[in-house]
Amino acid sequence: MASLSELPALRNYSKPFGIRFLEYIKKGKLSYKTHQAIVLIVTFLAYTCYHATRKTTSIVKSALDPQSPDVGLRFPWRMTYLSSPAEKKRFSWVLGDGWAPFNGSDGSALLGELDVAFLSVYALGMYFSGHLGDRMNLRVFLTVGMVGTGLFTSLFGVGYWAKIHSFYYFLIVQMIAGLFQSTGWPSVVAVVGNWFGKKKRGLIMGIWNAHTSVGNIAGSLIASALLSYGWGWSFVVPGLLIAFVGLLVFLFLPVSPESVGADKEEDEVGSPRKIGEGVTEPLLGSDAEIKETAVGFIEAWKIPGVAPFAFCLFFAKLVAYTFLYWLPYYISHTAIEGKYLSSETAGNLSTFFDIGGVLGGILAGHISDRLDARAITAATFMYCAIPALYFYRTYGHISLVMNIALMFICGMFVNGPYALITTAVSADLGTHSSLRGNSKALATVTAIIDGTGSVGAAIGPLLTGYISAKSWSAVFMMLMGAALVAGLLLTRLLVAEVVARISESRSQAGGSQPTSQDEELGV
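Using this note's numbering, the final residue of the sequence shown is 1688, and nothing's skipped along the way.
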């Protein structure tokens, strides 16, 4: 009996200091829904900062390499890049002739190599991060990743004041930053998955995943605003911000209901796995009598649906990250209504792609919840992205309004499936019925899917750095081809979902009475 009496104290000790402080102020335990709200807010802020630090490089590219020749446009950069003499004078003073070694004839290629170095290490680190995340305290793991990301993002900017012109300095700093960045996604998805069952998971995670676009927007606006003070500030300020939020994560993030002694609510516990199955255990079982062991890397790959979605995300992220890293550069090198925009204006304009991405993520999550069809939703969005990309390249230069409208639509269809796969799909597969309620696979499955996608994210910007020097039309052809392949990779799962929906409709038309499980799912 002594050991049982010590249990509450033991649980209290495992709670984050911030949670204990809130309970002290409230003079009582926090409710389950309050914990859920804290989880959503803290993880949202955390990954917003991850993306804000990741976005700065694309904004600063034009400052590092402002004199890039032609870049496939056949218009001299220096003639019409800035819209007014006053603006040209101000930016020429700030940016000068760029920053060696990126202001040479191979500047865009070197910038592309920085992108691929960062994303390659990020993708490789993702696999190890997921493996470690399922075996460590995710709160500590995420804090270390955020502080490390802040440090090395800031060190890139320090090169401005230290007058560093060695390509290898920037390369090494970017690679280490990529390693620390890889800790973020498996950790936040695993934590959110621990707190939310499958019911409405697509919609909740679709809204929550707006952090990706909000981070891109915040990173673009911060970096663009600070460019006039020197490009180093565009890295240092986001770096300090993510380190600060990392400390908030350490103080307030409850990793799981068990870690803070919260009782799971009926909606979260009772979500059945599949229509017609006699399985009623929760997606994320919390039975303390079952000793959970972390799922191995190979075992996680064998979970049905992991491989198709992982390879689909490879091509989806190739498209999304090409826009993430090169869209401001493309806008500033493309004549819109016969005029070229400044780096700052192009960076601000590119945020409309991310605003479209917010809507796309929410729509994809909501539609997939309503249809109970993740593959159908993701594939449909990828196929719709193909004409959207074509129209943006063909008609985006006609007017600023047309450019913004088409950019918004591209963001919606490109980021929709990317958001769906990296959130709701990853969480679904990380709690697949084959795992028998074991929640120790969430970070590993998330890492496999997003890690594979990140390989594509590395390849897209790298290829763009070389292809854009000859033709931006060829870049868009590459993106449309990638979107097509991404959709085709889900064909088998899509057909299975269609067959399941048809069978459902026929059984209902035949007069069969809905089961209690059907009613709970709203079928």
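For every residue, glycine included, the Cβ atom is placed at its ideal position computed from N, Cα and C.
Exposed unless 16 or more other CB atoms sit within 10 angstroms - verdict on residue i
i, result
"Asp1428", "exposed"
"Ile1551", "buried"
"Arg1219", "buried"
"Tyr1490", "buried"
"Gly1313", "buried"
"Ser1270", "exposed"
"Arg1304", "buried"
"Tyr1583", "buried"
"Arg1671", "exposed"
"Gln1339", "buried"
"Glu1509", "buried"
"Val1660", "exposed"
"Glu1278", "buried"
"Asn1268", "buried"
"Gly1193", "exposed"
"Phe1409", "exposed"
"Tyr1560", "exposed"
"Glu1442", "Any reading at Glu1442 is ruled out, since the residue's pLDDT is 37, under 50, leaving its predicted position unreliable."
"Asn1302", "exposed"
"Lys1635", "exposed"
"Lys1198", "exposed"
"Ala1674", "exposed"
"Lys1467", "exposed"
"Asn1664", "In the sequence as displayed, the identity of residue 1664 is Val instead of Asn. The residue in question, Val1664, is exposed, as its Cβ has fewer than 16 Cβ neighbours within 10 Å."
"Arg1300", "exposed"
"Glu1433", "With a pLDDT of only 49 at Glu1433, under 50, the local geometry of the prediction cannot be trusted, and the value read off the model is given with reservation. So Glu1433 counts as buried."
"Ser1424", "buried"
"Ile1224", "buried"
"Ser1668", "exposed"
One or two residues paired with residue i in a DSSP bridge
i, result
"Ile1501", "Lys1504"
Beta-carbon contacts of residue i that lie in its chain and below 7 Å, excluding the five residues immediately before and after
i, result
"Tyr1394", "none"
"Tyr1495", "Trp1637"
"Val1207", "Leu1413, Val1414, Phe1417, Leu1418"
"Leu1658", "Gly1470, Pro1473, Ala1540"
"Gly1183", "Leu1416, Phe1417"
"Ser1619", "Leu1284, Tyr1287, Ala1288, Met1291, Lys1482"
"Leu1275", "Pro1266, Phe1267, Phe1332"
"Ser1319", "Phe1400, Val1401, Gly1404, Leu1405"
"Ser1515", "Ser1385, Leu1492, Pro1493, Ile1496"
"Leu1644", "Val1484, Thr1487, Leu1554"
Beta-carbon proximity list for residue i, same chain, < 6 Å, skipping 5 on both sides
i, result
"Glu1662", "Ala1538, Ala1540, Ile1541"
"Ile1455", "Legend: pLDDT at Ile1455 = 41, less than 50; position of this residue unreliable, value from coordinates given subsequently. Cβ within range, chain order: n/a, list empty."
"Arg1239", "Note that Arg1239 scores a pLDDT of 29, beneath 50, so its modelled location is shaky; the value from the coordinates is reported in the next line. So the list is empty, once near-sequence residues are dropped."
"Ile1532", "Thr1542"
"Cys1477", "Ala1651, Leu1654, Leu1655"
"Leu1169", "Residue placement at Leu1169 cannot be trusted, given a pLDDT of 40 that sits under 50; what the coordinates show is reported in the next sentence. Cβ within range, chain order: n/a, list empty."
"Met1642", "none"
"Leu1360", "One detail in the question is off: residue 1360 reads as Trp in this sequence, not Leu. Hits under 6 Å: Gln1201, Val1204."
"Phe1517", "Ile1569, Met1572, Phe1573"
"Leu1336", "Ala1282"
"Gly1687", "Model confidence at Gly1687 stands at a pLDDT of 37, short of 50, so the residue's coordinates are unreliable; what they give is reported in the following sentence. Nothing listed; no residue qualifies."
"Val1420", "Leu1303, Arg1304, Val1356"
"Asp1280", "Tyr1490, Pro1626"
"Lys1180", "Val1425"
"Thr1308", "Gly1411, Val1414, Phe1415"
Chain C within 8 Å of residue i, Cβ atoms only
i, result
"Ala1217", "In summary, chain C is missing from the structure at hand, where a single protein chain is found."
Cutoff 8 Å; reference residue i; Cβ partners in own chain excluding five residues on either side
i, result
"Gly1298", "Phe1306, Thr1348, Pro1351, Ser1352, Ala1355, Ala1608, Thr1609, Ala1612"
Note to self: For the pair the segment 1476–1484 and the segment 1616–1623, tell me if three or more CB-CB distances fall below 8 Å.
What the structure shows: Because the criterion of three Cβ pairs below 8 Å is met, the segment 1476–1484 and the segment 1616–1623 touch.
Next item on the list: Check whether the segment 1372–1389 touches the segment 1213–1222, counting contact only when three or more Cβ pairs, one atom from each stretch, lie closer than 8 Å.
Entry: Touching, per the Cβ criterion.
Next item on the list: Would you check if the segment 1347–1355 and the segment 1187–1202 touch, i.e. whether three or more CB-CB distances between them fall below 8 Å?
Entry: With fewer than three CB-CB distances shorter than 8 Å, the segment 1187–1202 does not count as touching the segment 1347–1355.
Next item on the list: Specify whether the segment 1580–1596 and the segment 1514–1527 touch according to this definition: at least 3 beta carbon pairs, one from each stretch, less than 8 Å apart.
Entry: In this structure the segment 1580–1596 lies against the segment 1514–1527, because at least three pairs of beta carbons, one per stretch, are closer than 8 Å.
Margin query: Taking contact to mean 3 or more Cβ pairs, one atom from each stretch, closer than 8 Å, check whether the segment 1367–1375 and the segment 1311–1328 are in contact.
Written below: Flag = no, the segment 1367–1375 and the segment 1311–1328 do not touch.
Check: Can you list, in chain order, the stretches of the alpha helix (DSSP H) that have 4 or more residues and sit fully within the segment 1189–1218?
Finding: DSSP runs (the alpha helix (DSSP H)) wholly in the segment 1189–1218: none.
Checklist line | Segment contact, 8 Å Cβ cut-off, at least three pairs: the segment 1574–1583 with the segment 1337–1347 | finding: Three or more Cβ pairs closer than 8 Å define a contact, and the segment 1574–1583 falls short of that threshold against the segment 1337–1347.
Check: Between the segment 1552–1569 and the segment 1494–1510, do three or more beta carbon pairs fall short of 8 Å?
Finding: Contact between the segment 1552–1569 and the segment 1494–1510 is present, with at least three C-beta pairs closer than 8 Å.
Margin query: Restricting to runs no shorter than 3 residues, where is the beta strand (DSSP E) found entirely within the segment 1554–1598?
Written below: Whole beta strand (DSSP E) segments, 3+ residues: zero.
Next item on the list: Please specify which runs of the alpha helix (DSSP H), each continuous and at least 4 residues long, are wholly inside the segment 1338–1390, giving them in chain order.
Entry: Listed in chain order, they are 1349–1360, 1366–1373.
Margin query: Under 8 Å, with one C-beta from each stretch per pair, do the segment 1396–1406 and the segment 1314–1322 reach the 3-pair mark?
Written below: Yes, the segment 1396–1406 is in contact with the segment 1314–1322.
Item checked: 3-residue-minimum beta strand (DSSP E) runs that sit fully inside the segment 1247–1328, ordered along the chain -> Here no run is fully enclosed.
Notebook entry, point to check: Fully enclosed by the segment 1608–1666, which alpha helix (DSSP H) runs are 4 residues long or longer?
Noted result: Restricted to the segment 1608–1666, the alpha helix (DSSP H) segments that are unbroken, complete and at least 4 residues in length are 1637–1653, listed in chain order.
Next item on the list: Pick out the complete alpha helix (DSSP H) segments inside the segment 1514–1557, 4 residues or longer, and give them in chain order.
Entry: Every alpha helix (DSSP H) of 4 residues or more that sits fully in the segment 1514–1557 is shown, in chain order, as 1516–1536.
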